[in-house]
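Using numbering that gives the first Met the number 0, you'd call the opening residue of the sequence shown number 0 and step up by one each time.
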Amino acid sequence: MIRRHGIASADQMNGLAMTEPPCYTNVVIFFLMKLSSTNLLFAAAGLVVVGLIVYAILAPAAPSKYDSFAACLSEKDVKMYGAWWCPHCANQKKLFGSSFDEVKYIECSPGGTRTMSVQCREAGITGYPTWEFADGIRLNGEQSLATLAQKSGCTLPE
0 MIRRHGIASA
10 DQMNGLAMTE
20 PPCYTNVVIF
30 FLMKLSSTNL
40 LFAAAGLVVV
50 GLIVYAILAP
60 AAPSKYDSFA
70 ACLSEKDVKM
80 YGAWWCPHCA
90 NQKKLFGSSF
100 DEVKYIECSP
110 GGTRTMSVQC
120 REAGITGYPT
130 WEFADGIRLN
140 GEQSLATLAQ
150 KSGCTLPE
């Protein structure tokens with residue numbers, strides 16, 4: 000195998016001696032030494048990029064400023080009925096950012112369909128988004144966070 004790559008003996012591998020069976024570590028080191036420095040730079044850059052991507056995915060997210068507000072809405076049994084395809088629902092979710100995960104959300108078109116779920120139909124939902132409060136009062140359409148705070152009694156962070 001070594002002769003195929005232009006090496007007559009193990010002595011030509013920069014002093015690395017081959018044992019029988021071949022020492023695979025030495026073979027790997029030999030081939031790494033044969034790589035051009037440009038290829039090594041590309042490989043190193045690739046490893047750095049992969050490392051940064053893995054870190055970005057696995058690093059814990061910083062808490063959003065609306066986490067406590069969204070948690071308060073959930074504690075007070077405030078629910079948002081919406082649909083994945085609804086642009087107004089998407090706008091409403093954007094207001095909360097990552098804190099929307101704390102909001103009690105009912106998906107009315109589950110499974111990527113545009114058919115209303117039984118739960119939403121039985122709840123009498125007629126449009127999206129619909130906010131429902133513990134006292135049974137509903138607000139239809141996009142609502143400001145200030146409106147939700149006023150109606151729920153939750154404190155909106157500044």
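All C-beta atoms, glycine included, are put in the ideal place defined by N, C-alpha and C.
If I'm right that Ala148 touches Leu138 with Cβ under 8 Å, what's the distance once you round it to whole angstroms?
-> Taking the first residue of the sequence shown as 1, we reach residue 148 at position 149. Taking the first residue of the sequence shown as 1, we reach residue 138 at position 139. Ala148 to Leu138, Cβ: 12 Å. No contact.
Environment of Trp84 [buried if 16+ CB atoms lie within 10 Å] | The residue labelled residue 84 in the question sits at position 85 within the sequence shown. With fewer than 16 other beta carbons inside 10 angstroms of its own, Trp84 counts as exposed.
Glu101 and Ala70: beta carbons closer than 9 Å?
-> The residue you call residue 101 lines up with position 102 of the sequence shown. The residue you call residue 70 lines up with position 71 of the sequence shown. Their beta carbons are under 9 Å apart, which means Glu101 touches Ala70 by this criterion.
Does the beta-carbon distance from Tyr80 to Trp130 come in below 9 Å?
-> Within the sequence shown, the letter at position 81 stands for residue 80. Within the sequence shown, the letter at position 131 stands for residue 130. Going by C-beta atoms, Tyr80 is nearer than 9 Å to Trp130.
In this structure, what does DSSP give as the bridge partners for Tyr127?
-> Taking the sequence shown and counting its residues from 1, the one referred to as residue 127 is at position 128. According to DSSP, which records beta bridges pairwise, Tyr127 is partnered with nothing at all.
For the beta strand (DSSP E) that contains Arg137, what are its first and last residues?
-> Here residue 137 corresponds to residue number 138 of the sequence shown, with the count starting at 1. Per DSSP, Arg137 belongs to the beta strand (DSSP E) from 137-139.
Let me know the secondary structure DSSP gives Lys150 once reduced to three states.
-> Here residue 150 corresponds to residue number 151 of the sequence shown, with the count starting at 1. Reduced to three states, the DSSP call for Lys150 is helix.
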